[in-house]
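These notes are about the structure you will find just below.
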Amino acid sequence: MTTERHAISVTVNGVRHDKTVEARMLLSDFIRHELLLSGTHVGCEHGVCGACTIWFDGFPARSCLMFAVQADGHDIATVEGLADNDKLSPLQQAMHEAHGLQCGYCTPGILMTMSHFLASNPAPDEQAVREALSGNLCRCTGYQHIVDAVLLAAERMRG
Amino acid sequence: METRYFGASVKRNEDQRLLTGQALFIDDIELPGMLHAAVLRSAVAHGRIVTVDVSAALKREGVVAAYTAQDLGDFWQPGPLLVPPPPIEGSVFNLRTHACLAKDKVRYAGEPLAIVIAADRYIAEDALADIVVDIEILPALVDLEAALAKGAALVHEDLGSNIAAHIHQGKGDYARAASRADHIIKRRFLYEHGISSPIETRGIVVQWDARGGQLTMWDTTQAPVFVRNGLAAVFGLSERQVRVIAPFVGGGFGPKIMMFYPEELLLPWAAMQLNRPIKWIEDRLEHFVATTHERGQVHDSKIALTKDGKILGVKDVFLHDSGAYDPYGLTVPINSQCTLLGPYVIPDYDSTFTCVFTNLPIVTPYRGAGRQHGVFVIERLLDIAAHELGIDPAEIRRRNLIPPDAFPYDNEIIYQDFAPLSYDSGDYEPVLDKALSAIGYAGFKDEQAAARAKGKHLGIAVAAYVEGTGIGPYEGARVQVQANGRVSVATGIGTQGQGHYTVFAQIVADQVGCDVRDVDVVTGDTDRFHWGAGTFASRGAVVAGNAVNEASKVVRQKILTLAAEHFECAEGDLELGQGQVSIVGVRGQAIRLSELAQKANPMRGAVKPGAEPGLESTQYFGPPSGATASGVHAMIVEVDPETFTLAIRKYVIVHDCGTVINPLILAGQIIGGAAQGIGNAFYEKLMYDDAGQLLNASLADYLLPTSLDVPRFVLDHTVTPSPLNPLGIKGAGEAGAIPAGPLFAQAIEDALGFKAKGIELLEIPLSPARLWELTQQAG
C-alpha cells in the first residue's frame, strides 16, 4: 500500500513549516510529533476534553478534530508561544499564583481557550468565566482556582 | 526561621514548565528508531478463544511484529499479586491474576488478545483490523447476585464458584446491640464508584539496550519502584539493570498504581525481541476498558439504636465487584469495611463481605478507594434513623461522635495496612460545628420555606467521615547540597500533580536555610532513588515528606559541623539562612552553601577516618500505622421538581488533616477531590448491558463534571496533629472525594420532600434520569 503525501505550509507561533504529511494525519499529531511542539496535549481525540486546544487563525480550535492538511496556508498558535521568552503571560502568571493547575496536563488547552476569552472579554464575572471554561475538562483542580486565575488575570490586564 | 516556608502558601516550583509546554509527559518522549504499539482487545466480555490470527496483519507494510499469547512462549504466565490480603483470621482469598494476553478465555471486554508493533501508530491501528478473531461466546456475569447464583457461568472454572474472597471482621457483639435496641433499621444500599479518568491516559515508552543489558521504561505509573522490582523479577534481571521513570504524569487518582497492566510487560518483552524502542499510548476509548475501575458494592445493613439516637451496633453484609481478576487484593472492600465506622462510637460491629468475580474490568482503588461505599452506608443509616426517631440529622451525628479524650481510639479490626484500625488523634465536634455554622444550618429552615414560597426547592445536607491516610511501609529521600548551592532532593514516589516539588522543597528549605526555589525535587526515577513504595492511600506528603524532613535535618547538622570548623566557632553561634551560614551578631562573617558543599568534597589532601563526602544524607521514614484525617461536608442544593436538574447553591468543607504544609496546595487537593465526589454522586455512571458491554465509553457519554457543575467551595480547617510522625501531618489527597454521595442523597430528599412521599435514595450514582425513575416507581 502506498500512501499519498501532501505538501503543506503551516505557520506556527510565527514560524513557517513546510512538510509533507498523509491526508489522515491529525493536526494534533502533526504539531506534537512532526513539529515536536509537545506542549499541546491530547486527552480524548474526540473533541470533548479540550486539552489539545490551539488557535487556528486566531480562534480556539481542537487540534484533534482537524487534519494537518486543513492547516495548509493557515496560522496556528500553541502554548509554547504564550510566554515572552521567560516572562509568563498575565494568564500564565495568574495560573501560577492562584494554583490553577495540578498535574498540568489540561493546562495548555485551558490557557489557549481562556487567553482568547480574556482578549475579547476584559471584565468578565465568575459565571462568564465558568461558561467559557466549561468546554475544557480538568480532573485535578475542581476548576475553582482556574476561575480565580482567570479573574485575577483579567483584573491585571485591565490595569 | 524554622517555619519560614512550612505552613505557607508557597507557589509551586513545578508550574513554570507546565505552563509553558516544557514539562515532559510520556507521549512527549521521542527516541531514535522508535516503533509504536497498538493492542487488540476483546470485543466479547466472556468467551472461549478459538482463533486469534495475526498473519494478515504481519503482511501490512510498516508492521514489524504482531504477537498473540501463543507467541509469548514461556513468558506467558499469570501476573503477580500486587497487594497481599491482610492477615484476618478465617479469611478466604482466591487469587486469579491476568496474563498480558488472553490465551484460552477472555474474561472481560477490553482484555488484550494481541499486540501489533509498527512504524507508526496509524499503521499499528490499521493492522488491528487485519487480525482475525473467533471467540465462542459464553454468558457474561455482570450482576453480583446473579454471579453467585447456583448454576451461574464461571469466570474462572477451576475455582468452582465466582467467589474471589470472603472476609468477616467485627468487634463486640451485634446480637447484644440488637437485643438492647429501641429501634433497628434495615436497608439495602447500592454504591458504585466510577473511573478516575485522568486527562492523560496511560502510556509506556521502553528501551532495551542489549549491549549494556539495561532496560529503561518510562511509565505513567504512580509506583515506579514497584514496577522496577517487578520487571526485574519477571525478566530475570538484577534491579539495577532496570530503570523505571515516571515523568510528569497527567493525573492518576489510583488506577495508575495497578501492576502489571498487560502493556507494562508486553512492551519490554517486545522491545527485547526487536531490540528497538517502542511507545504505546492508550487512547481515550481504550482507557474506559483497559484501565482499572472502581465499581459497585451491594450492602445489606442494619443499625441498632437507642430511642435518643445513640448507635448500639451495626451489622453489614456486602458484595463487592472484583472484576475479572483480583491482582490488587482486598484494599477496596477492606477500606469500605473499616471506613463505615466513621467518626462515630459504634460499640458492636459485625461486617462480612464477599468479593465476586465478574466479566468486567479489574477493580482497583480510585481516590477514596472503597471508603465512599462505607461512608454512604453509615451516613444514610443515620439519616434514616434521624427521620424515624424524630431527631435532627446534624444532631444525631453529634450525639455519636467519638469524644476528644478517647484517642487513640481502637476500632479493633484490621485496616488495609495490616495494622489495627486505631485512630491516632482527632477532635470531631468542632469540625461539625464549623461546617454547620458556615452552611447556615440554624437558619436554613426559614430560608427553605421562603424559597419554597417562590417555587424553589432547596435542600440541605451534612455528612461526616474519617479517612485512614499515610500508611506504611516506608519511603526514603536523599537530600544533597550541590556545588552550585542548589539543593537536590530525590524520593521514590511518583507525582501526578500533588505539588511534591514544592511541599518537599518547603521542608528542605527551612532546614538548610535556602530559598524554596533553589530546591530541585526529583520523584519517580528509580535511578535517582531506588527504594520506596509509591503514591497512594494519601501517603505521599506524610511518609515521603517525613523522610525528606529526616534527611534534611542530617544535612543541616553536616552544614553546621563543617561551618563551625571553617569559622572555628561553636555550632550554637551559627545561623542558616539565605543560602549561607553566618555567625550570629558578626556582620560579614558568612559562607555560602555552595562553598561549603565544595569544601565537603575535597579534591586533595587527607580526610578524617570515617568522613563521608558531601553535604548529603539519605534517610527513611515508616509510620507504625496510618494517620486518621476527618472532615464534614455540608451542602445546599436547588432541585427542579420536574426535570430533576440540580444546582449546588453552597458547598462547605471543613477538614482536619493535622499540620498543614501548604494551605494553597491543600485547598487544591480538597477541592479537586470534592469535584470528583460530585461527579461520582450525580454525573458519572458506567453503563453496562447484560452482555458486559460498556455502552458509554466516551467523554461525550460518560460525563465528567465541568466548571458549570462544580461550585465554588467554602473551605475551613481544624488542626489536630498526628502523633505518628514528627511533622504531625495526615494525608489529604483522597478526603475531598469521600462524602459527596450521602450528601447528595440527603440534600435531594430534603429539597423534594421525599421523606413525606416515602421515597428514599439508597443508591449512588444518582442523576436526573434516575430520580425520575425512582419517583415514577413510588407513584
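Note that the protein sequences, when read in sequence, are chains A and B. Quick note, the working numbering runs 1133 ahead of the 1-based positions in the first sequence. Quick note, the working numbering runs 7 ahead of the 1-based positions in the second sequence. Even for Gly, the Cβ is constructed at its ideal location relative to N, Cα and C.
task = Kindly indicate the opening and closing residues of the alpha helix (DSSP H) around C362/B.
result = Note, C362/B: premise wrong, no alpha helix (DSSP H); beta strand (DSSP E) at 355–364.
message = Pop quiz: A744/B and A681/B are said to be a contact at Cβ under 8 Å. What is the actual Cβ separation, rounded to whole angstroms?
response = Contact check for A744/B and A681/B: beta-carbon distance about 7 Å, within the 8 Å limit, so the pair qualifies.
ask   = If we cut at 9 Å on Cβ distances, does E1259/A have a partner in chain B?
value = Yes, because at least one Cβ of chain B sits closer than 9 Å to the Cβ of E1259/A.
ask   = Of all Cβ atoms in chain B, is any one closer than 9 Å to the Cβ of L1285/A?
value = Using a Cβ-Cβ cut-off of 9 Å, L1285/A does not count as an interface residue toward chain B, since no Cβ of chain B sits closer than that to its own.
inquiry  = So with CB distances below 8 Å, who are the chain B contacts of L1221/A?
reply    = Contact of L1221/A with chain B by beta-carbon distance below 8 Å involves Q23, L26, T27.
inquiry  = Give me, in chain order, the residues of the same chain whose beta-carbon lies closer than 8 Å to that of L603/B; leave out the 5 immediate sequence neighbours on both sides.
reply    = If we look at L603/B and ignore the five residues flanking it on each side, its Cβ neighbours are V488, I566, L569, A570, H573, V588, L622.
query = Is the Cβ-Cβ distance between T228/B and G531/B less than 9 Å?
reply = Yes, the pair counts as a contact, with Cβ atoms nearer than the cut-off.
ask   = Using a Cβ-Cβ cut-off of 6 Å (strictly less than) and excluding sequence neighbours within five positions of L583/B, which residues of its own chain qualify?
value = Excluding residues within five positions, the ones whose Cβ falls inside 6 Å are G520.
query = Going by C-alpha distance, which of R209/B, I643/B, T371/B is nearest E270/B?
reply = The residue with the shortest Cα to Cα distance from E270/B is R209/B.
message = Could you tell me the alpha carbon to alpha carbon distance between G501/B and D290/B, rounded to whole angstroms?
response = Taking the straight line joining both Cα atoms gives about 22 Å.
key: Backbone secondary structure at V796/B - three-state DSSP   = In the structure displayed, chain B extends from 8 to 786; residue 796/B sits before or after that span and is not available.
request  = Determine whether the Cβ of E207/B lies closer than 9 Å to any Cβ atom of chain A.
outcome  = At least one chain A Cβ lies under 9 Å of E207/B.
request  = Answer yes or no: does any C-beta atom of chain A fall closer than 9 Å to that of I672/B?
outcome  = Yes - at least one Cβ of chain A is within 9 Å of the one on I672/B.
request  = Classify E6/B as buried or exposed, calling it buried when 16 or more other Cβ atoms lie within 10 Å of its own Cβ.
outcome  = Only positions 8 to 786 of chain B appear in the structure, and residue 6/B is not among them; the question remains open.
inquiry  = Residues in the same chain with beta-carbon distance under 6 Å from M1134/A, minus the five sequence neighbours each way, listed in chain order, please.
reply    = Unreliable placement is indicated for M1134/A, whose pLDDT of 49 sits below 50; no coordinate value is reported for it.
ask   = Exposed or buried, what is T1153/A when buried is set at 16 or more other beta-carbons lying within 10 Å of its beta-carbon?
value = Exposed, by the Cβ-count rule.
request  = Flag this pair as yes or no: are the beta carbons of Q518/B and K560/B separated by less than 9 Å?
outcome  = At the C-beta level, Q518/B and K560/B come within 9 Å of one another.
request  = Could you check the C-alpha separation between T782/B and D22/B for me, to the nearest Å?
outcome  = Distance between the alpha carbons of T782/B and D22/B: 48 Å.
inquiry  = Just to confirm my understanding: we take I409/B, look at its own chain, exclude 5 residues before and 5 after, and list those with CB closer than 8 Å. What are they?
reply    = Cβ neighbours of I409/B beyond the five flanking positions: P350, Y351, V352, Y416, Y430, G433, Y435.
query = For F82/B, which residues of its own chain have a beta-carbon under 7 Å away from its beta-carbon, when the five flanking residues on both sides are left out?
reply = Correct list, in chain order: W276.
ask   = Whose C-beta lies closer than 6 Å to the C-beta of L102/B among residues of the same chain, with five residues either side of it excluded?
value = Same-chain partners within the cutoff: L88.
Chain-ordered chain B contacts of T1274/A [CB-CB under 8 Å] = For the C-beta of T1274/A, the chain B residues within less than 8 Å are, from N- to C-terminus, G675, I678, G679, A682.
request  = Report the neighbours of A1216/A on chain B: residues whose CB is nearer than 7 Å to its CB, in chain order.
outcome  = T27, listed in chain order.
Contacts that Y12/B makes with chain A (C-beta to C-beta distance below 7 Å) = By Cβ distance, chain A contributes nothing, its closest Cβ being about 16 Å from Y12/B, past 7 Å.
request  = For R214/B, I'd like the list of residues in its chain whose CB is within less than 7 Å of its CB, leaving aside the five on either flank, ordered along the chain.
outcome  = Here residue 214/B is Gln; the residue named in the question, Arg, does not match the sequence. Excluding sequence positions up to five before and after Q214/B, its CB lies within less than 7 Å of the CB of L38, T223, A278, P284, all in the same chain and listed in chain order.
key: Collapsed DSSP secondary structure at M1134/A in the structure displayed   = Unreliable positioning characterises M1134/A in this predicted model, as indicated by a pLDDT of 49, which lies under 50. The coordinate reading is nonetheless provided below. Residue state, collapsed to three classes: coil.
query = Taking C-alpha atoms, which residue in T104/B, V140/B, R11/B lies nearest to A64/B?
reply = Of the candidates T104/B, V140/B, R11/B, V140/B places its Cα closest to the Cα of A64/B.
ask   = Just checking my contact of L1251/A with Q1225/A at CB under 8 Å: how many whole Å lie between their CB atoms?
value = That pair is no contact at about 12 Å.
query = How many Å lie between G504/B and D180/B at the Cα?
reply = G504/B and D180/B have their C-alpha atoms some 44 Å from each other.
ask   = Apart from the five residues just before and just after E578/B, which ones in its own chain have a Cβ nearer than 6 Å to its Cβ?
value = These residues qualify, in order along the chain: L567, A571.
key: Start-to-end residues for the alpha helix (DSSP H) that takes in Y198/B   = Segment 190–199 is the beta strand (DSSP E) holding Y198/B; no alpha helix (DSSP H) there.
E454/B: first and last residue of the uninterrupted alpha helix (DSSP H) it sits in = For E454/B, the uninterrupted alpha helix (DSSP H) segment begins and ends at 451–460.
ask   = Quick one: does Q1235/A have its CB under 9 Å from some CB of chain B?
value = Closer than 9 Å to some Cβ of chain B, the Cβ of Q1235/A qualifies, so yes.
ask   = Quick one: does G743/B have its CB under 9 Å from some CB of chain A?
value = It does: the Cβ of G743/B has a partner Cβ on chain A nearer than 9 Å.
Which of helix, strand or coil DSSP assigns to Y658/B = Reduced to three states, the DSSP call for Y658/B is strand.
inquiry  = Closer than 8 Å between beta carbons: that is the criterion. Which residues of the region 1181–1211 of chain A meet it against chain B?
reply    = Of all residues in the region 1181–1211 of chain A, those with a C-beta nearer than 8 Å to a C-beta of chain B are V1181, C1182, A1184, T1211, reading in chain order.
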